[in-house]
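Undergrad: Sending over a structure as structure tokens; questions will come in a sec.
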Amino acid sequence: MCAALRSYEQCAQRFTRACRGDITYHSIVRGIPDLMEQHQCSHDGPTISVTRKVGSSCSLSSAEGRRLFCSVFGDPHVRTFREELHTCRARGAWPLLDTAPLFVQATNSPAGARGATVMTKITIIFHGFRDCTEQKVYQAEVGNLPAAFVDGSRNGGPRDTAGVLRVLERDPGRHVEIHANFADTLVSVRHVGGSLSFAVRMPEALLMPRREQKEGGGGEPQRELEPAPQLCLDGCPRRERLQLSRVTENASGALSVMSVKEAQTRCHEMLPEEDFYFKACVFDLMVTGQMNFSHTAAEALQDARALLPDSASAHVAKNGPSSASRQSASVCLLVVLLVLS
81 MCAALRSYEQ CAQRFTRACR GDITYHSIVR GIPDLMEQHQ CSHDGPTISV
131 TRKVGSSCSL SSAEGRRLFC SVFGDPHVRT FREELHTCRA RGAWPLLDTA
181 PLFVQATNSP AGARGATVMT KITIIFHGFR DCTEQKVYQA EVGNLPAAFV
231 DGSRNGGPRD TAGVLRVLER DPGRHVEIHA NFADTLVSVR HVGGSLSFAV
281 RMPEALLMPR REQKEGGGGE PQRELEPAPQ LCLDGCPRRE RLQLSRVTEN
331 ASGALSVMSV KEAQTRCHEM LPEEDFYFKA CVFDLMVTGQ MNFSHTAAEA
381 LQDARALLPD SASAHVAKNG PSSASRQSAS VCLLVVLLVL S
């Protein structure tokens, strides 16, 4: 009983940030301490271990569970794992993702008018896993999209006999894919004109934050640190967000270097549907005047079609968080109720 409750508590805590403001979620969480007190359970102790059916010891992920998608391109525009759509100022280095299998950081530099920025450098660290793969670092910059990790290799090292980590060059100097099969994760990095773009598909189960602990002095218990914001999970901080509509709906050109009509005409040539990618294209052309951004948005849409589990959802542009987080919390509740019964 206590092991089940501790597992339930840990599961619910993983969705604290995702379910912030959700009344149902917070009602569930507030009931956990009462249940633990009722059954005289401590917060420390064993939990229920879930046995995963995996085809290989070189696997972090099972076949079950959802695969989620994130994309960062252009100004940059962010399509988060929760289907939130942001346009960022975000100058300098920003973490995109920090999970058990990989860490991703992008560096954004100024481009055009009105504080616009573009991704000019990306660093991806694939953490070593068991006896299957060594830690590998991939790094790309504008003007240099390598087809190998920084050490010159294209796989996970001597231990990677099963090909669980591979770099594949799809279009020399323009498009590279990295297949992290041990985590059922696929990364796409593109280079168009003067900017880079990033896309990833990975299991929802691997998106739990990497937790760091800080040891207190004098025998004090360890204190858990607040995880840093990640653009793929949290989107842009509010202070860094730019409003697409404030530029794309301003036909006077006061905020732009290209008229909205001309930008729309150019973007329609590459993106016939007026979705998020079309609006991002118009925004980028208006604030930079650089035609390459129409190709950037079009190729970001290609990534969405290729990596999303349902390619038909590539054009979907939701304005708020999806219900996935609330559904995940409900799954936790269902699991513990089944165990307790």
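Every number in my numbering is 80 more than the matching position in the sequence shown, counting from 1. Where is the CB? At the ideal position from N, CA and C, for every residue including glycine.
Hey, quick one: how far does the alpha helix (DSSP H) through E379 stretch, first residue to last?
TA: As a working note, residue 379 is residue 299 in the sequence shown. From DSSP, the alpha helix (DSSP H) with E379 extends over 372 to 387.
Undergrad: Based on the DSSP secondary-structure assignment, which residues constitute the bridge partners of H259?
TA: The residue you call residue 259 lines up with position 179 of the sequence shown. According to the DSSP secondary-structure assignment, H259 is paired through a beta bridge with R246, L266.
Undergrad: May I ask you to report which of helix, strand or coil DSSP gives E89?
TA: Start at 1 with the first residue of the sequence shown, and residue 89 comes out as number 9. If DSSP states are grouped into helix, strand and coil, E89 belongs with the helices.
Undergrad: Looking only at its own chain, which residues have a Cβ that is under 7 Å from the Cβ of P126, when we skip the five neighbours before and after it?
TA: Along the sequence shown, one-based indexing puts residue 126 at 46. Same-chain partners within the cutoff: A83.
Undergrad: So, is the C-beta of D251 closer than 8 Å to a C-beta in chain B?
TA: Absence of chain B from the displayed structure is noted, only one protein chain being present.
Undergrad: Do the stretch 151 to 163 and the stretch 195 to 209 touch if we need at least three Cβ pairs shorter than 8 Å?
TA: These segments touch.
Undergrad: Going by alpha carbons, who is nearest to N372 out of M366, S339, G274?
TA: As a first step, residue 372 is located in the sequence shown; it is residue number 292 there, counting from the start. It is G274 whose Cα lies nearest to the Cα of N372.
Undergrad: Using the rule of at least 16 other Cβ atoms within 10 Å of the residue's Cβ for burial, across every protein chain shown, is G423 buried or exposed?
TA: Because the chain here runs from 81 to 421, residue 423 falls outside it and cannot be looked at.
Undergrad: Count the other CB atoms within 10 Å of the CB of V362; is the residue buried (16 or more) or exposed (fewer)?
TA: On the sequence shown, residue 362 is found 282 positions in, with the first residue counted as 1. Counting Cβ neighbours within 10 Å, V362 comes out buried, since at least 16 surround it.
Undergrad: Are the beta-carbon atoms of L182 and F206 separated by less than 8 Å?
TA: Counting from 1 along the sequence shown, the entry for residue 182 is found at position 102. Counting from 1 along the sequence shown, the entry for residue 206 is found at position 126. In this structure, F206 lies closer than 8 Å to L182 by Cβ.
Undergrad: Would the beta-carbon of V256 fall within 8 Å of that of L225?
TA: Looking up residue 256 in the sequence shown gives position 176. Looking up residue 225 in the sequence shown gives position 145. In contact: V256 and L225 (Cβ atoms closer than 8 Å).
Undergrad: Under the DSSP definition of a beta bridge, which residues are partnered with D251?
TA: For the purposes of this step, residue 251 is taken as residue 171 along the sequence shown, with counting starting at 1. D251 pairs with H255.
Undergrad: Out of L245, R146, G172, which one is the CA nearest neighbour of R162?
TA: Residue mapping note: residue 162 aligns to position 82 of the sequence shown, counting from 1. Of the listed residues, the one whose Cα sits closest to R162 is R146.
Undergrad: Got a sec? Which residues, its chain only, sit under 6 Å from M282 by beta carbon, not counting five neighbours each side?
TA: Walking along the sequence shown from the start, residue 282 turns up at place 202. Cβ within range, chain order: T265.
Undergrad: Find out if the Cβ-Cβ distance for the pair L351, L381 is shorter than 8 Å.
TA: For the purposes of this step, residue 351 is taken as the residue at position 271 of the sequence shown. For the purposes of this step, residue 381 is taken as the residue at position 301 of the sequence shown. Yes.
Undergrad: Would you tell me roughly how many angstroms separate the C-alpha atoms of S268 and S391, rounded to the nearest one?
TA: For the purposes of this step, residue 268 is taken as the residue at position 188 of the sequence shown. For the purposes of this step, residue 391 is taken as the residue at position 311 of the sequence shown. Computed Cα separation, rounded: 16 Å.
Undergrad: According to the Cβ coordinates, are R254 and H271 closer than 8 Å?
TA: Sequence index remark: in the sequence shown, residue 254 carries index 174 (1-based). Sequence index remark: in the sequence shown, residue 271 carries index 191 (1-based). Going by C-beta atoms, R254 is nearer than 8 Å to H271.
Undergrad: To the nearest whole angstrom, what separates the beta carbons of Q185 and T203, a pair I think is in contact under 8 Å?
TA: Locating residue 185 in the sequence shown gives position 105, where the first residue counts as 1. Locating residue 203 in the sequence shown gives position 123, where the first residue counts as 1. With 8 Å as the limit, Q185 and T203 qualify as a contact, their Cβ atoms being about 5 Å apart.
Undergrad: Report back the beta-carbon spacing between S151 and A384 to the nearest angstrom; my notes put them in contact at under 8 Å.
TA: Position 71 of the sequence shown, counting from 1, holds the residue named residue 151. Position 304 of the sequence shown, counting from 1, holds the residue named residue 384. Contact flag correct, Cβ pair sits at about 6 Å.
Undergrad: Where does L182 fall in DSSP's three states?
TA: As a position in the sequence shown, residue 182 is number 102, starting the count at 1. Correct three-state label for L182: strand.
Undergrad: So is S107 buried or exposed if we call it buried at 16+ other beta carbons inside 10 Å?
TA: In the sequence shown, the residue the question calls residue 107 occupies position 27. Exposed, because fewer than 16 other Cβ atoms sit within 10 Å of the Cβ of S107.
Undergrad: Since I believe A191 is in contact with T368 (beta carbons under 8 Å), could you give me their beta-carbon distance rounded to a whole number of angstroms?
TA: Taking the sequence shown and counting its residues from 1, one reaches residue 368 at position 288. Taking the sequence shown and counting its residues from 1, one reaches residue 191 at position 111. That belief holds up - the Cβ atoms of T368 and A191 are roughly 5 Å apart, short of 8 Å.
Undergrad: What does the alpha-carbon distance come out to for the pair F358 and A180?
TA: By 1-based counting over the sequence shown, the position of residue 358 is 278. By 1-based counting over the sequence shown, the position of residue 180 is 100. Going by the C-alpha atoms only, they are around 34 Å apart.
Undergrad: Starting from H157 and walking both ways along the beta strand (DSSP E), at which residues does that stretch end?
TA: Within the sequence shown, residue 157 is the residue found at index 77, counting from 1. 157 to 159 is the extent of the beta strand (DSSP E) around H157.
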